[in-house]
Amino acid sequence: MFFGKRVPQAMNKTSSIAVFDSGMGGLTVLSRIIELLPHENTIYYADSANCPYGPKPQSLVRELVSAAVERLLTKDIKMVVIACNTASAAAVEHLRATYPIEFVAMEPAIKPAVLSTHTGTVGVIATKGTVESGTVARLKSKWSQAGVVSVAGEGLVELVEHDMEESRQARELVGQYMRKFIREGADKVVLGCTHYPFLRPLMEEALKGSGVEIIDPAPAIARRVKSLLERDGMLNDSDKEGTRIFDSSADEKYNTALEAKLKRYMRLIR
Ligand code: DGL
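My numbering applies: residue 384 is where the sequence shown begins, and numbers increase by one.
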């Protein structure tokens, strides 16, 4: 339980940016933040003991995310990036109303997809929790000039958590989801779950020749982090590479795996 709205520690420019996800997915956002802001200190926290969030009821996800944020607020941090669409959809309003720190949240990038579609149909792939959330319903009705085909990418988070991005199973499942978007006439596919960019090579393989473009909002989220820190005069002006802390509700082995997975992903996007 978090008592009162106190400002965490004495927040300053050298305080860390906290990045949170249910598991390894948020690393696809952390990587973009490190690319853009290499001097910032970062703390990554994965609630891996409770991953996946996607199939869980929103009320439970809200409780889990609140507990994670309370843990992060005991550290020297200046911002929390909820690098998880499922957690953002379930909890961001509650978090903003409850805790005295800046939150950057994810939502499926339906807007840029709708504004750039030529076929009039866009696809969104996200967890069951996100697909069924009020966030996706709101975005669909706001951007109703295009058709939005949403697909729950069941099974994909588990494949990424088990480092199975190159497996036959992953290729088959990703192929199945991508073929649905092609059949429906979509020319954009929005990645509405931060785990999915790990599967982007397989998605590109399945979409080859179809002209369908993949939209990953992570680089835009990193730019948002930068502009908020700039606005508040909170950018770290050190010229040293930032420190990287990896923490989770699992064990030390998982924390080490997080670091290794981030390194691999940063090589993939370079
Ligand atoms: N990475 C998370 C997201 O963006 C969800 C993964 C999960 O189901 O826990 O939605």
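Even for Gly, the Cβ is constructed at its ideal location relative to N, Cα and C.
All values derive from a computational prediction rather than experimental measurement.
According to the DSSP assignment, F403 belongs to the beta strand (DSSP E) that extends over 399-404. Within the segment 444-498, the runs of alpha helix (DSSP H) at least 4 residues long that lie entirely inside it are, in chain order, 468-481.
In the structure shown, K636 falls within a helical segment according to DSSP collapsed to helix, strand and coil.
In this structure, ligand 1 has a non-hydrogen atom nearer than 8 Å to the beta-carbon of A466. Ranking H545, I508, I493 by CA distance to the CA of R521 puts I493 first. With distances taken between CA atoms, I417 lies nearest to V608 out of V608, V540, E555.
The DSSP-derived three-state label of G506 is strand.
For the pair V497 and V505, the CB atoms are nearer than the 9 Å cut-off. When rounded, the separation of the alpha-carbon atoms in D620 and T626 is 14 Å. Straight through space, the alpha carbons of A569 and A529 are spaced by roughly 10 Å. When Cβ pairs closer than 8 Å are counted between the two stretches, the segment 627-646 is seen to touch the segment 425-438, the count reaching three or more. For K571, the enclosing beta strand (DSSP E) has its first and last residue at 571-574.
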